[in-house]
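Single-structure report; data block below.
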Amino acid sequence: MGQVHTVPTNSSVDILDLPTELICSVLRLLHYKDILRCKQTCKYFMNVVNSDESLRYLIKLGLNGLIDSHEPHHSMTINDRIRLLDKYQGAWNSSAFDICENLSQGSKKRKYLPRKQVHQWNAALYISDDLTYTVHVVQLPSKLRGITERTIISHKLDFCVRACAMDISHNVLALAELLDDEIRVHLRTLYTCEVDPKLPISEFTCPVLASPCELELCSVYLVLWTHEGREEHPTALRVWNWELGTLILEIHDHNICFSFLTDHHIILSGGNILGLHVVDLRSLTGEERNLATLNYTYCLLFPKLKDGLYETELMINSKPEYSPIPNTKPITSPSPLQRVPFYTDPSHRIIIVTVYSLKHDGHEYSPKMFVIPSDTFLSYLDEAQHIPSKRTISWEQWGPQGTRFYSSMYTDAGEVYYGYRAHYGLRLVEYGDEKSNPCIDILDFNQRKREHGAAAQKYDGTTLVTYPSVLDTGRSPFAEVVTTHLPYRHRKVFLDTPFDNMVRPIMYMTEDALFFEFSNLGRRSEGKHYALYV
Numbered sequence: 001m002g003q004v005h006t007v008p009t010n011s012s013v014d015i016l017d018l019p020t021e022l023i024c025s026v027l028r029l030l031h032y033k034d035i036l037r038c039k040q041t042c043k044y045f046m047n048v049v050n051s052d053e054s055l056r057y058l059i060k061l062g063l064n065g066l067i068d069s070h071e072p073h074h075s076m077t078i079n080d081r082i083r084l085l086d087k088y089q090g091a092w093n094s095s096a097f098d099i100c101e102n103l104s105q106g107s108k109k110r111k112y113l114p115r116k117q118v119h120q121w122n123a124a125l126y127i128s129d130d131l132t133y134t135v136h137v138v139q140l141p142s143k144l145r146g147i148t149e150r151t152i153i154s155h156k157l158d159f160c161v162r163a164c165a166m167d168i169s170h171n172v173l174a175l176a177e178l179l180d181d182e183i184r185v186h187l188r189t190l191y192t193c194e195v196d197p198k199l200p201i202s203e204f205t206c207p208v209l210a211s212p213c214e215l216e217l218c219s220v221y222l223v224l225w226t227h228e229g230r231e232e233h234p235t236a237l238r239v240w241n242w243e244l245g246t247l248i249l250e251i252h253d254h255n256i257c258f259s260f261l262t263d264h265h266i267i268l269s270g271g272n273i274l275g276l277h278v279v280d281l282r283s284l285t286g287e288e289r290n291l292a293t294l295n296y297t298y299c300l301l302f303p304k305l306k307d308g309l310y311e312t313e314l315m316i317n318s319k320p321e322y323s324p325i326p327n328t329k330p331i332t333s334p335s336p337l338q339r340v341p342f343y344t345d346p347s348h349r350i351i352i353v354t355v356y357s358l359k360h361d362g363h364e365y366s367p368k369m370f371v372i373p374s375d376t377f378l379s380y381l382d383e384a385q386h387i388p389s390k391r392t393i394s395w396e397q398w399g400p401q402g403t404r405f406y407s408s409m410y411t412d413a414g415e416v417y418y419g420y421r422a423h424y425g426l427r428l429v430e431y432g433d434e435k436s437n438p439c440i441d442i443l444d445f446n447q448r449k450r451e452h453g454a455a456a457q458k459y460d461g462t463t464l465v466t467y468p469s470v471l472d473t474g475r476s477p478f479a480e481v482v483t484t485h486l487p488y489r490h491r492k493v494f495l496d497t498p499f500d501n502m503v504r505p506i507m508y509m510t511e512d513a514l515f516f517e518f519s520n521l522g523r524r525s526e527g528k529h530y531a532l533y534v
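Residue numbers (full-length UniProt numbering): 1 to 534.
As structure tokens, this is what we get:
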């Protein structure tokens, strides 16, 4: 048992009379932002926080977008954790990539060629193969966690999978099967692909007229997006609480797109409003049928559009999506908890929103890509606790400082970027090629260190970009000039190994590595793995 502290009971007790150990114990229960606030109140609290290893570790984790694994059996001391954390961040800041390695080929045919359906979940890829009716989960290698590349799950099915999703923390696998006039979503256990007898419903069905669909699982929520082909409402979104077996949301509208923000908040776009609606899934009644009647928490509006546009939509991309840290045994072996005591915070990531606009004459504006840190959304979510729902936030209130216009999504030759970018956490990596010398641009959108005066950390060879990105009216669908100021750090890294005669890279990214899948016009494929030197 811990030491028992006796606190004076007279009315004149001062906080300075409390034992320092007791104050530190209380501070360790707080969010890192609250610890920083306490540290800034007076010199006494500054000394208390600076003298406690655990508090300094929690602050470092928070500022770097990481969270502790909270594993009591972990052998690393706080000092060891801080040293490893500094080394990990230093490797990213200096882009200290280890020697390039070829990904293992496994069988003669790789199981995740670009022509397959490939989807990334944190440190894994899951792949559905239309030809063999199989679903694979391939673990990406991680030098940081001592994990090798291997196929950890491979399920043979009796139907063709049109979309799949998984939630490792709940051991759930969702598989979408397209029938003649409906989509059937099967819920299975992730490891055995069997029906869980404890579930009230193991299959969900809905009518559909066209085949494109997308599945996503997060916590107890299953989201199915479909393109139904109807002229009035071409897209539909359905959300089930799979644990209860109930449909909690069904909306039909134009150009619906979605992404999870937290384990119970979802971001929606579509309909007649050019904005991002944040919805608390716990508050839904199941009676909503379009975005206009939806009881959203708040909506971030985009700039006003020009007159005469035929159609405009927002596409939301936050892959890999929000994924809670597993509370059950991880699928990896050896367990990553044995190597590294911290993880990337699933709520600490960038969300990419692309604006697509079509004129009445059929010509399209070059798609405009905006990078939005999740903290922009979360800050308004904190305010929403004290403000009535359905709050509308204008572009002028949030956009200029809360996002960064980054790209028009086209190369100089007029080709659309496909697979040329990857992002994980708050880092965005873009592949380039300068005079046949392959290179990557690394953009770090972490605002926490800058906001809390922690910018003194060494960034070797990076540039802090603070100048505005200006989108004039001639190049965009917006009625007025759009200016964004969100700072980021930029670094260009030249890759040592050329990719001879290889085109169209597909990129994946994890917390400590980059993966390139190169295909020579579909004739052959090779993989390259760049690991951080940690």
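Positions of the beta carbon are idealized from the N, C-alpha and C atoms, including for glycine.
So, at 7 Å on beta carbons, what are the nonlocal neighbours of L217 in its own chain, with the 5 sequence-adjacent residues on each side left out? Translated into positions along the sequence shown, residue 217 becomes position 217. If we look at L217 and ignore the five residues flanking it on each side, its Cβ neighbours are A165, M166, D167, V172, A174.
Backbone CA spacing between I256 and D98 [nearest angstrom]: On the sequence shown, position 256 is the one that residue 256 refers to. On the sequence shown, position 98 is the one that residue 98 refers to. Each residue's Cα considered, the two are about 42 Å apart.
For the ligand ZN, I want to know if Y420 counts as a neighbour, meaning its beta carbon is within less than 7 Å of at least one of the ligand's heavy atoms. In terms of ligand content, the structure shown is empty, and the ligand ZN therefore cannot be addressed.
Thinking just about the alpha-carbon of each residue, which of P200, L294, T192 is nearest to the one in R238? For the purposes of this step, residue 238 is taken as the residue at position 238 of the sequence shown. Cα-wise, what sits closest to R238 is L294.
Could you tell me the boundaries of the alpha helix (DSSP H) in which R37 lies? In the sequence shown, counting from the first residue as 1, residue 37 sits at position 37. Looking at the DSSP string, the run of the alpha helix (DSSP H) that includes R37 is 32-39.
By Cβ distance, which residues of its chain are closer than 7 Å to T246, with the 5 residues on each side in sequence left out? As a position in the sequence shown, residue 246 is number 246, starting the count at 1. Apart from sequence neighbours up to five positions away, the residues of its chain that approach T246 with a beta-carbon distance below 7 Å are W240, ordered along the chain.
In or out: Q385 buried (at least 16 other Cβ within 10 Å) or exposed? Residue 385 sits at position 385 when you count from the first residue of the sequence shown. Burial call: exposed.
Can you look up S169 in the DSSP assignment and give me helix, strand or coil? The count along the sequence shown starts at 1 and reaches residue 169 at position 169. Three-state result, S169: helix.
Less than 8 Å between the C-beta atoms of L471 and K368, yes or no? By one-based count along the sequence shown, residue 471 stands at place 471. By one-based count along the sequence shown, residue 368 stands at place 368. It is a contact, given that the beta carbons lie within the stated cut-off.
Three or more C-beta pairs closer than 8 Å, one from the region 218-227 and one from the region 262-271: is that the case here? yes
I'd like the list of long-range same chain contacts for S69, defined as Cβ closer than 7 Å, with 5 residues on each side in sequence excluded. Taking the first residue of the sequence shown as 1, we reach residue 69 at position 69. Counting only Cβ-Cβ distances below 7 Å, and skipping sequence neighbours, we find L337, P341, F342, Y343.
Does DSSP put M315 in a helix, in a strand, or in coil? As a working note, residue 315 is residue 315 in the sequence shown. In this structure, M315 counts as strand in the three-state DSSP scheme.
Rounded to whole angstroms, what is the Cα-Cα separation between I78 and C24? Residue numbering aside, residue 78 sits at position 78 when the sequence shown is read from its first letter. Residue numbering aside, residue 24 sits at position 24 when the sequence shown is read from its first letter. I78 and C24 have their C-alpha atoms roughly 15 Å apart.
Could you pull out every residue in the same chain whose Cβ sits closer than 6 Å to the Cβ of A531, ignoring the five residues on either side in sequence? In the sequence shown, residue 531 corresponds to position 531, counting from 1. So the qualifying residues of the chain are D98, K143, A513.
Alpha carbon to alpha carbon, what distance is there between C439 and F494? Mapped onto the sequence shown, residue 494 falls at position 494. Mapped onto the sequence shown, residue 439 falls at position 439. Rounded to whole angstroms, the separation of the alpha carbons of C439 and F494 is 4 Å.
Collapsed DSSP secondary structure at L61 in the structure displayed: Translated into the one-based positions of the sequence shown, residue 61 becomes position 61. The answer is helix: DSSP assigns L61 an H, G or I state.
Just the Cα atoms here: how many angstroms apart are T463 and R489? One-based indexing of the sequence shown puts residue 463 at position 463. One-based indexing of the sequence shown puts residue 489 at position 489. Their Cα atoms are separated by approximately 5 Å.
Output yes or no for whether 8 Å exceeds the beta carbon distance between S469 and F405. In the sequence shown, the residue the question calls residue 469 occupies position 469. In the sequence shown, the residue the question calls residue 405 occupies position 405. Yes, they are a contact pair.
What does the Cβ neighbour count give for T285, buried or exposed, with the cut at 16 atoms within 10 Å? Sequence index remark: in the sequence shown, residue 285 carries index 285 (1-based). Exposed, because fewer than 16 other Cβ atoms sit within 10 Å of the Cβ of T285.
Judging by CA-CA distance, which residue of H363, D361, G362, F370 is the nearest neighbour of T354? Locating residue 354 in the sequence shown gives position 354, counting from the first residue. When only C-alpha atoms are compared, the closest one is F370.
Which of helix, strand or coil DSSP assigns to R289: The count along the sequence shown starts at 1 and reaches residue 289 at position 289. DSSP places R289 in coil when its eight states are reduced to three.
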